[in-house]
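A short worksheet on the structure shown next.
There are 2 protein chains.
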Amino acid sequence: MNTALILKNVHKHIHLNEDEEKLFISSLEPLTLKKKTVHLKAGEVCKHSTFIIDGALKSFTVDKNGQEHVISFALSDWWIADIYSLITQTPGVLTIEAIADSEVLLLSKEKQQLLYDKVPKFERFFRIITENSLVASQQRLINNLSLTAEERYLDFMEKYRFVMECAPLHSIASYLGITPEFLSKIRRRMAGKLH
Amino acid sequence: MNTALILKNVHKHIHLNEDEEKLFISSLEPLTLKKKTVHLKAGEVCKHSTFIIDGALKSFTVDKNGQEHVISFALSDWWIADIYSLITQTPGVLTIEAIADSEVLLLSKEKQQLLYDKVPKFERFFRIITENSLVASQQRLINNLSLTAEERYLDFMEKYRFVMECAPLHSIASYLGITPEFLSKIRRRMAGKLH
DNA sequence: CGTCTATTTGAATGTACTCAAAAGCGGTGG
DNA sequence: CCACCGCTTTTGAGTACATTCAAATAGACG
């Protein structure tokens, strides 16, 4: 199991001694996901926090018209989960799917709770991770409220270069809150502007 | 200082002994805010988490066209802050303002850090608070992506009955991501449907 | 190479916006 | 008490941004 990346991730915010590291590592389960594999389905209870070693995943909901809405993309060195479902241990509305072949590590809700109890520093770690997610989520809300579709697309391209390469256009459009057709038209417009 | 509500708020998630309660209470500063008072201005560094005993506040950004975008309303028994600025201790983009006469309690960043160090349970408490905020933020994102303006307005009326009574229409429109004129038109349409 | 899916294109439509003006609604002072 | 002021809300006409639907084109993969 390749644990270097996740240990580096944890050490960004808290320091662990050798025993604590061992306990942490022993709480993780490795998993390989092929592109397009569904990792968590809407309606199921989310049992794990998922850390991405390599690859990329997305989470999305499907509305009453059958339309997909991408809530987040997650890349190497990020965590992803249906946090509502994970907290409440009730069925969630998010589906999580690999958009590229991926290597991930799973931390189950129970193991996470044990970590909290045995090594309280992990409360701090996940508090900080959650704070950062909240900031990102609010920033996205601000973008959605104050930018045009084209501006949001430009912003997206900077932040998610890798996603641009492996995600289909309709997923990106869904994340931006527009139709694939319209995103295609934005691209054409922008290509025209380049001279 | 009226501390019953905030102690109840804390006890929802962690248990405190008498000393810990005293330490917590001694970390708080009471403050009274008149309606329309600006509590934190965009460009300033956010120094406190603010707990609302009574009243209501809103946080918002102003975009390059001078348009206001309401990020959150906060009511009695809620916490509010510019979390990005609070975490990084750098100037933030949010303004926080009272929309009704309010009684609040301030917990400074330093006092909060001391609490974390002296009583690690507070890491858990704020982890849980932050998790709940993240869930709410994601839910709002889902609404913005998948509902029409009218549906979002109906949803808003259920969740924020009190805000409906004390916030001006343009703030509500701003929260919903539409213009005040359009919200007014939605209201008329809805009134028409009522028989 | 053929099939399937993803992307592009175009025309018609709709949802929400802009701008300008009118109406409503408190407060305040004569 | 009511007349006037400033601010919020409503209305309407014209417009823009983004959607829908349908069809054409391009790409990916067995």
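For the protein sequence lines, the chains are R and V, in the order given.
Quick note on numbering that gives the first Met the number 0: the first sequence kicks off at 0 and runs consecutively.
Quick note on numbering that gives the first Met the number 0: the second sequence kicks off at 0 and runs consecutively.
The beta-carbon is built from N, C-alpha and C at its ideal position, and this holds for glycine as well.
Exercise. State yes or no: is the beta carbon of V/Thr-49 nearer than 8 Å to at least one beta carbon in chain R?
Key: Position 50 of the second sequence, counted from the first residue, corresponds to residue 49 of chain V. Not an interface residue.
#### Entry: Counted within 10 angstroms of its Cβ, other Cβ atoms place V/Ser-58 as buried (16 or more) or exposed
Within the second sequence, residue 58 of chain V is the residue found at index 59, counting from 1. Classification for V/Ser-58: buried.
CA-to-CA distance, V/Arg-151 to V/Gln-66, given in whole angstroms | On the second sequence, position 67 is the one that residue 66 of chain V refers to. On the second sequence, position 152 is the one that residue 151 of chain V refers to. The straight-line gap from Cα to Cα measures roughly 20 Å.
Margin query: Which of the three DSSP states is assigned to V/Ala-148 in this structure?
Written below: For the purposes of this step, residue 148 of chain V is identified with residue 149 of the second sequence, where counting begins at 1. V/Ala-148: helix per DSSP, three-state reduction.
Report task. Specify the secondary structure class of V/Val-118 as computed by DSSP and reduced to three states. Result -> For the purposes of this step, residue 118 of chain V is identified with residue 119 of the second sequence, where counting begins at 1. In this structure, V/Val-118 counts as coil in the three-state DSSP scheme.
- prompt: Mind checking V/His-14: buried by the 16 CB within 10 Å criterion, or exposed?
  reply: Against the second sequence, residue 14 of chain V aligns to sequence position 15. So V/His-14 ends up on the exposed side.
- Query: Do the region 78 to 87 of chain R and the region 38 to 52 of chain R touch if we need at least three Cβ pairs shorter than 8 Å?
  - Reply: yes
List, in order along the chain, the chain R residues whose C-beta lies closer than 8 Å to that of V/Gly-176? Translated into positions along the second sequence, residue 176 of chain V becomes position 177. Ordered by position in chain R, the residues that pass the 8 Å Cβ test against V/Gly-176 are Asn-143 and Leu-144.
Requested in this report: Note down, in chain order, every chain R residue with its Cβ under 7 Å from the Cβ of V/Pro-119.
Outcome: What you label residue 119 of chain V is simply residue 120 of the second sequence in a count that begins at 1. Near V/Pro-119 (Cβ distances below 7 Å), the residues of chain R are Pro-119 and Glu-122.
_Run through the DSSP bridge pairs and tell me what V/Ser-132 is partnered with._
As a first step, residue 132 of chain V must be located in the second sequence, where it is residue number 133. Note: V/Ser-132 sits in no beta bridge, so no partner.
Q.
Can you pull the chain R neighbours of V/Arg-126, defined as C-beta to C-beta under 7 Å?
A. In the second sequence, residue 126 of chain V corresponds to position 127, counting from 1. Glu-122, Phe-125, Arg-126 and Thr-129, listed in chain order.
#### Entry: Contacting residues, own chain, Cβ-Cβ under 8 Å from V/Gly-176 (five flanking each side not counted)
One-based indexing of the second sequence puts residue 176 of chain V at position 177. His-68, Asn-143, Ala-148 and Arg-151, listed in sequence order.
Pick from R/Leu-182, R/Ile-127, R/Ile-141 and R/Gln-111: whose alpha carbon is nearest that of R/Gly-46?
The residue given as residue 46 of chain R occupies position 47 in the first sequence. Reading the sequence as shown, one finds Lys at residue 46 of chain R and not Gly. Measuring from the Cα of R/Lys-46, the nearest candidate turns out to be R/Gln-111.
Task: Those residues which DSSP pairs with V/Asp-53 across a bridge - done: The count along the second sequence starts at 1 and reaches residue 53 of chain V at position 54. DSSP lists V/Glu-102 as partners of V/Asp-53.
* Asked: For R/Thr-94, which of helix, strand or coil comes out of DSSP?
  -> Within the first sequence, numbered from 1, the residue matching residue 94 of chain R stands at position 95. Three-state result, R/Thr-94: strand.
Notebook entry, point to check: Does the separation of the CB atoms of V/Val-118 and V/Glu-19 fall below 8 Å?
Noted result: Position 119 of the second sequence holds residue 118 of chain V. Position 20 of the second sequence holds residue 19 of chain V. The answer is yes: Cβ separation under 8 Å.
Three or more C-beta pairs closer than 8 Å, one from the region 176 to 186 of chain V and one from the region 80 to 93 of chain V: is that the case here?
no
By alpha-carbon positions, which one of R/Glu-43, R/Thr-89 and R/Leu-56 ends up nearest to R/Lys-35? Position 36 of the first sequence, counting from 1, holds the residue named residue 35 of chain R. Looking at the Cα atoms, R/Leu-56 is the closest of the given residues.
**Asked** Below 8 Å between beta carbons: does that hold for V/Leu-153 and V/Ala-97?
**Response** For the purposes of this step, residue 153 of chain V is taken as residue 154 along the second sequence, with counting starting at 1. For the purposes of this step, residue 97 of chain V is taken as residue 98 along the second sequence, with counting starting at 1. Against a cut-off of 8 Å, the Cβ pair of V/Ala-97 and V/Leu-153 comes out as no contact.
Original post:
Which of helix, strand or coil does DSSP assign to R/Ala-3?
Top reply: Taking the first residue of the first sequence as position 1, residue 3 of chain R is located at position 4. Of the three classes helix, strand and coil, the one that applies to R/Ala-3 here is helix, per DSSP.
For R/Ser-26, report the span of its alpha helix (DSSP H) as first-last. Position 27 of the first sequence, counted from the start, is the residue given in the question as residue 26 of chain R. Run containing R/Ser-26: none; DSSP gives neither H nor E here.
Beta-carbon neighbours of V/Thr-60, restricted to chain R and to distances below 9 Å: Against the second sequence, residue 60 of chain V aligns to sequence position 61. Ile-141, Leu-144 and Ser-145, listed in chain order.
In three-state DSSP terms, what is V/Ile-244? With chain V covering only 0 through 194, there is no way to say anything about residue 244 of chain V.
| field | Cβ pair V/Leu-39, V/Leu-74 closer than 8 Å | value | Indexing the second sequence from 1 puts residue 39 of chain V at position 40. Indexing the second sequence from 1 puts residue 74 of chain V at position 75. No, the Cβ-Cβ distance between V/Leu-39 and V/Leu-74 is not below 8 Å.
* Asked: According to DSSP, is R/Leu-15 helix, strand or coil?
  -> Reading the first sequence from its first residue, position 16 is the one you call residue 15 of chain R. Residue state, collapsed to three classes: coil.
Would R/Ser-136 count as contacting chain V if we go by Cβ distances under 8 Å?
-> Numbered from its first residue, the first sequence carries residue 136 of chain R at position 137. It does: the Cβ of R/Ser-136 has a partner Cβ on chain V nearer than 8 Å.
task = Starting from V/Val-44, trace the alpha helix (DSSP H) both ways and give me its first and last residue.
result = On the second sequence, position 45 is the one that residue 44 of chain V refers to. Note, V/Val-44: premise wrong, no alpha helix (DSSP H); not H, not E.
Let me know the secondary structure DSSP gives V/Ile-185 once reduced to three states. What you label residue 185 of chain V is simply residue 186 of the second sequence in a count that begins at 1. Helix, per DSSP.
*Using the beta-carbon count (16 or more within 10 Å), is R/Gln-88 buried or exposed?*
Translated into positions along the first sequence, residue 88 of chain R becomes position 89. Looking at its Cβ environment, which holds fewer than 16 other Cβ atoms inside 10 Å, R/Gln-88 is exposed.
Problem set entry | Beta-carbon gap between V/Ser-145 and R/Thr-60 smaller than 8 Å | Stepping through the second sequence from its first residue, residue 145 of chain V is reached at position 146. Stepping through the first sequence from its first residue, residue 60 of chain R is reached at position 61. Contact: yes.
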